[in-house]
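K.L.:
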Amino acid sequence: MQFHILSFEGPDAYARAGGIATRVQGLSQSLAAQGFEPHLWFVGDPELPGHEEVGGVHHHRWCRDLAREYRTGVYDGELAKCDDYARSLPPWLLANVLGPYLRAGRRAVVLAEEWHTVHAVLHLDWLLRQEGLRDRVAILWNANNTFGFEHIPWRELAAAAEITTVSRYMRHWMRGIDVSAVVIPNGLGAEAFEDADPAAVTALQEHLRDRVVLSKVARWDRDKAWTSTLDIVELLRQRGQRPLLVARGGLEAYGAEVLEQARARRLRVTDRWLAGAGPAALVAAMVGVDDFDIVNLRSAVDAAARSVLFCGSDVVMANSAHEPFGLVGLEAMAVGGLACTGATGEDYAMAGRNAIVVQTSSPVEFVRQFERVTKSPGACQRVRAEGRATARLFDWGSIVERNLLPQVDVSLSRL
């Protein structure tokens with residue numbers, strides 16, 4: 450069966466801006482591994498082929514002329530790209546790939562991501578009805594977060610597609626705007642479960658010995674609870690401990706405000722750049738930080754280095770005030786890290802069993818839970834091991850089998 454995934458983000462460096470790229474790449478690879486024919490339609494690098502097959506996944510790079518004009522990344526010129534994507538992709542997809550497949554008597558699935566694809570979904574739904582093929586295609590549109598909700602014609606979308614989302618929290622949030630959604634959780638690809646480089650973890654911990662290492666990888670955004678994390682660092686220091694926050698934000702302007710707040714609290718900040726990819730570059734960047742309270746990583750941290758950071762930290766601060774799913778917390782758990790999450794969309798997190806879960810902005814709540822979990826090496830290792838076991842329940846193969854395919858069956862049965 451063909452699966453057509455419509456998404457702005459994708460696997461190219463140009464198309465990677467956040468968790469959606471990770472989601473669609475992991476999902477498409479899992480579908481290919483299970484014998485399906487996945488096609489990923491995304492706004493990719495214009496210097497790469499318009500179509501290529503990679504590991505059983507068909508990559509279709511769209512909006513190529515606009516991508517050449519807007520070189521910064523996938524969301525540079527996003528409104529122009531949205532218009533082009535919605536106008537040009539559905540007729541080409543139907544005429545050249547989906548239509549011939551359906552006319553051979555087969556059925557297909559369309560999985561669309563985020564507000565950028567809504568009008569493409571509406572256009573494709575209309576074209577399928579015009580061709581008398583709508584009863585052969587299940588269309589699911591997914592909300593990973595609340596971005597762009599103001600652009601969505603919800604009534605028309607609900608008539609054209611089954612609306613899904615990634616957590617019970619998001620489902621409840623959407624009910625507040627009179628939108629009904631089915632929950633299909635995010636998943637992790639096989640690479641997320643690869644062991645962190647043990648030598649690099651040991652070296653990192655040796656450089657940072659006698660420190661309480663908190664790592665945080667998140668956008669510079671108020672929802673990501675950066676201020677609460679500073680409160681925690683400050684309280685730990687007041688209690689006579691030696692906290693070190695290793696922070697990796699994005700390009701958002703709010704980052705300057707967070708770091709200014711840190712300095713106003715007399716927290717000592719150093720900027721560090723990784724000299725290259727891989728764990729060794731991360732370890733090298735952590736040399737000579739003994740006199741600082743915060744290490745602000747200014748360059749990208751690749752997956753292998755990130756797994757070492759998560760595994761080697763005393764706790765991974767994946768806490769947020771508003772978190773649709775919480776992929777970073779789950780990624781930390783997958784490599785054996787101790788995750789601290791908020792209590793919104795992180796359905797997988799259970800306080801004291803597989804994670805630390807904070808429900809308020811009080812630093813005391815975190816510190817008490819952290820001390821309880823880390824009171825003995827055995828207790829901490831049990832929580833880390835349980836976290837890793839929990840993460841394995843969310844590998845993409847399991848999510849496809851347990852959540853996605855049953856919903857596809859339901860959607861097809863309604864046509």
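So the mapping is simple: our numbering equals the position in the sequence shown, first residue as 1, plus 449.
Glycine included, every Cβ here is placed at the ideal spot set by N, Cα and C.
Am I right that Leu653 and Met735 are in contact with their C-beta atoms under 8 Å? What's the rounded C-beta distance?
P.N.:
Leu653 to Met735, Cβ: 6 Å. Contact.
K.L.:
According to DSSP, is His500 part of a helix, a strand, or is it coil?
P.N.:
Strand.
K.L.:
Tell me which residues share the same chain as Ala828 and place their Cβ nearer than 7 Å to its Cβ, disregarding the 5 neighbours each side in the sequence.
P.N.:
Cβ within range, chain order: Val822.
K.L.:
Exposed or buried, what is Ile588 when buried is set at 16 or more other beta-carbons lying within 10 Å of its beta-carbon?
P.N.:
Buried.
K.L.:
Return the chain-ordered list of same chain residues with a C-beta closer than 6 Å to the C-beta of Arg697, the five sequence neighbours on each side being excluded.
P.N.:
The residues are Val666, Leu746 and Val750.
K.L.:
Which residue from Arg517, Leu489, Gly493 and Pro549 puts its Cα closest to that of Gly504?
P.N.:
Answer by Cα proximity: Leu489.
K.L.:
Considering only residues of the region 784-844, which uninterrupted beta strand (DSSP E) runs meet the minimum length of 3 residues and lie entirely inside it, listed in chain order?
P.N.:
The qualifying runs are 788-790.
K.L.:
Taking the straight line between their C-alpha atoms, what separation do you get for Arg658 and Val567?
P.N.:
For Arg658 and Val567, the distance between alpha carbons rounds to 50 Å.
K.L.:
Is the region 806-813 touching the region 844-852, taking contact as three or more C-beta pairs under 8 Å?
P.N.:
No, the region 806-813 is not in contact with the region 844-852.
K.L.:
Whole-angstrom Cβ separation of Phe774 and Asn635, contact assumed at under 8 Å?
P.N.:
Their Cβ separation, rounded to whole angstroms, is 5 Å, which keeps Phe774 and Asn635 in contact under 8 Å.
K.L.:
Could you give the DSSP three-state label for Gln635: helix, strand or coil?
P.N.:
Gln is not the amino acid found at residue 635; the sequence shown has Asn there. In the structure shown, Asn635 sits in coil (DSSP, three-state: anything other than H, G, I, E or B).
K.L.:
Is the separation between the beta-carbon of Asp763 and that of Val650 shorter than 8 Å?
P.N.:
In this structure, Val650 does not lie closer than 8 Å to Asp763 by Cβ.
K.L.:
Report, in whole angstroms, the separation of the C-beta atoms of Gly475 and Trp722, which I expect to be a contact under 8 Å.
P.N.:
Their Cβ separation, rounded to whole angstroms, is 28 Å, which puts Gly475 and Trp722 out of contact at 8 Å.
K.L.:
What does the Cβ neighbour count give for Ile626, buried or exposed, with the cut at 16 atoms within 10 Å?
P.N.:
Answer is exposed; the Cβ neighbour count stays below 16.
K.L.:
Leaving out the 5 sequence neighbours to the left and right, which residues in its chain are closer than 7 Å to Leu480 when beta-carbon positions are compared?
P.N.:
Once the five neighbours on either side are set aside, the close Cβ partners of Leu480 are Phe452, Pro487 and Val849.
K.L.:
Quick check: the Cα distance between Asp739 and Glu820, rounded to an integer number of angstroms?
P.N.:
Those two C-alpha atoms are separated by around 23 Å.
K.L.:
Among all the DSSP beta bridges, which residues are the ones paired with Val718?
P.N.:
Answer by DSSP bridge pairing, in chain order: Ile743.
K.L.:
Looking only at its chain, what residues have a beta carbon closer than 7 Å to the beta carbon of Ala641, apart from the 5 residues adjacent to it on each side?
P.N.:
So the qualifying residues of the chain are Glu780 and Ala783.
K.L.:
Per DSSP, which one or two residues make a beta bridge with Lys665?
P.N.:
Lys665 is bridged to Ala696.
K.L.:
Report buried or exposed for Phe843, applying the criterion of at least 16 other Cβ atoms within 10 angstroms of its Cβ.
P.N.:
Its Cβ being crowded by 16 or more others within 10 Å, Phe843 is buried.
K.L.:
Can you tell me the Cα-Cα spacing of His771 and Gly581, whole angstroms?
P.N.:
The alpha-carbon atoms of His771 and Gly581 are separated by roughly 42 Å.
K.L.:
To the nearest angstrom, how far is the alpha carbon of Thr521 from that of Ala834?
P.N.:
For Thr521 and Ala834, the distance between alpha carbons rounds to 40 Å.
K.L.:
Give the single residue among Val695, Ala792 and Phe815 whose Cα lies nearest to the Cα of Ser748.
P.N.:
When each option's Cα is compared against that of Ser748, the closest is Val695.
K.L.:
Does the region 546-558 come close enough to the region 512-527 that 3 or more CB-CB pairs lie under 8 Å?
P.N.:
Touching, no, given that fewer than three Cβ pairs across the two stretches are closer than 8 Å.
K.L.:
Just how far apart, CA to CA, sit Ala729 and Ala753?
P.N.:
Between Ala729 and Ala753, the C-alpha separation is close to 10 Å.
K.L.:
What does the Cβ neighbour count give for Asp461, buried or exposed, with the cut at 16 atoms within 10 Å?
P.N.:
The residue is buried, with at least 16 neighbouring Cβ atoms inside 10 Å.
K.L.:
Just verifying my parser: in three-state terms, what is the DSSP assignment at Leu455?
P.N.:
In this structure, Leu455 counts as strand in the three-state DSSP scheme.
K.L.:
Measure how close the beta-carbons of Pro539 and His572 come, nearest whole angstrom, since I'm counting them as under 8 Å.
P.N.:
4 Å between Cβ atoms; contact.
K.L.:
My understanding is that Ser769 touches Asp672, with C-beta atoms under 8 Å, so please give their C-beta distance in whole angstroms.
P.N.:
Yes, they are in contact, since the Cβ atoms of Ser769 and Asp672 sit about 6 Å apart, within 8 Å.
K.L.:
How would you write the range of the alpha helix (DSSP H) that Leu657 sits in, first residue to last?
P.N.:
Looking at the DSSP string, Leu657 is not in any alpha helix (DSSP H), and its letter there is neither H nor E.
K.L.:
Do Ala767 and Thr790 count as a contact pair if the criterion is CB distance below 8 Å?
P.N.:
Yes, Cβ-Cβ distance for Thr790 and Ala767 is below 8 Å.
K.L.:
When the Cα of Gln818 is compared with those of Ile681, Gly699 and Val718, which residue comes out closest?
P.N.:
Ranking Ile681, Gly699 and Val718 by Cα distance to Gln818 puts Ile681 first.
K.L.:
On the three-state DSSP scale, how would you describe Glu640?
P.N.:
Glu640 falls in the helix class under three-state DSSP.
K.L.:
Can you list, in chain order, the residues of its chain with a C-beta nearer than 7 Å to that of Gln690? Leave out the 5 residues immediately preceding and following it.
P.N.:
Val661, listed in sequence order.
K.L.:
Would you list the residues sitting across from His508 in a DSSP beta bridge?
P.N.:
Paired residue(s): Leu489 and Glu501.
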